[in-house]
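Numbering (our numbering), first residue to last: 1 to 248. In what follows, a single structure is set out as structure tokens and then discussed.
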């Protein structure tokens, strides 16, 4: 079977040390997906391409006829803003969702962009930040998708969220602060609010920088640092993505 052609739409640049180590979000997700398919080589399962949709929005996008799936990454930007590159991304995702063959994966900002493309409200939450390794409660559909598990531990870095559920979608997980932690439309789209791709080193750097800038209070920062070394289910989540993409 030929490798699945997955286009990674890079909606941001990682924080400096992570960017130097992984060479962009393409490298961050390649690292995650390689661990998800191990011990098989990544190239046997996936043919990955990276597309910088922030700095090259008029030329970055692949032809939907040349890919099997797209993945929209996280971002420090707001999915509800109307910057030209964001509205262009929303429109491209909307076209991908209407395609009869291409499947869509959304991660954090990507989850919110997909929801926006499907007509759902995305906005800043009064509940505040969710950061670092956080337990999410799986719904009945989530338990089905994630092999009967009741909960998932997943890295978080967000204070924006999707309000409501897009038409035709089923929510996968929730927390007290965020009722929609991802959703699925079978054979079309799967999204998660968390960050399966974030390692302990990436999260640690983000926590430091956002605390130094004043975005995170001392309490939020200290709580996040305390949980950052906890086990999280990022690799499992990536394996679920791959199963979803490969389903006939």
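The C-beta atom is built at its ideal place from N, Cα and C for all residues, glycine as well.
Opposing strand residues paired with residue i [DSSP bridges]
i: residue 155; result: 133
i: residue 233; result: Its beta-bridge partners do not exist; DSSP assigns none.
i: residue 191; result: 106
i: residue 160; result: 124
i: residue 5; result: 47
i: residue 138; result: 173
Cβ-Cβ separation, residue j to residue i (assumed contact under 8 angstroms), whole Å
i: residue 129; j: residue 225; result: Contact doesn't hold; Cβ gap of about 13 angstroms is too wide.
i: residue 102; j: residue 72; result: At roughly 13 angstroms, the Cβ-Cβ gap does not stay under 8 angstroms, so residue 102 and residue 72 are not in contact.
Chain-order list of residues whose beta-carbon lies under 7 angstroms from that of residue i (same chain, five-residue window excluded)
i: residue 99; result: 64
i: residue 142; result: 172, 173
i: residue 113; result: 72, 79, 89, 90, 93, 106
i: residue 96; result: 64, 70, 102, 104
i: residue 183; result: 165, 166, 169, 170, 171, 172, 191
Check: residue i C-beta below 6 angstroms from any heavy atom of the ligand FMN
i: residue 30; result: For the ligand FMN, the structure offers nothing, since it holds no ligand at all.
Residue burial classification, residue i (beta-carbon count within 10 angstroms, cutoff 16)
i: residue 134; result: buried
i: residue 119; result: exposed
i: residue 14; result: buried
i: residue 166; result: buried
i: residue 56; result: exposed
i: residue 191; result: buried
i: residue 123; result: exposed
Close beta carbons around residue i, own chain, < 6 angstroms, minus the five adjacent residues each side
i: residue 180; result: 162, 171
i: residue 235; result: 35, 36
i: residue 210; result: 216
i: residue 241; result: 105
i: residue 232; result: 133, 153, 154, 155
Which runs of the beta strand (DSSP E) spanning at least 3 residues fall entirely within the segment 50 to 89, listed in chain order?
69 to 72
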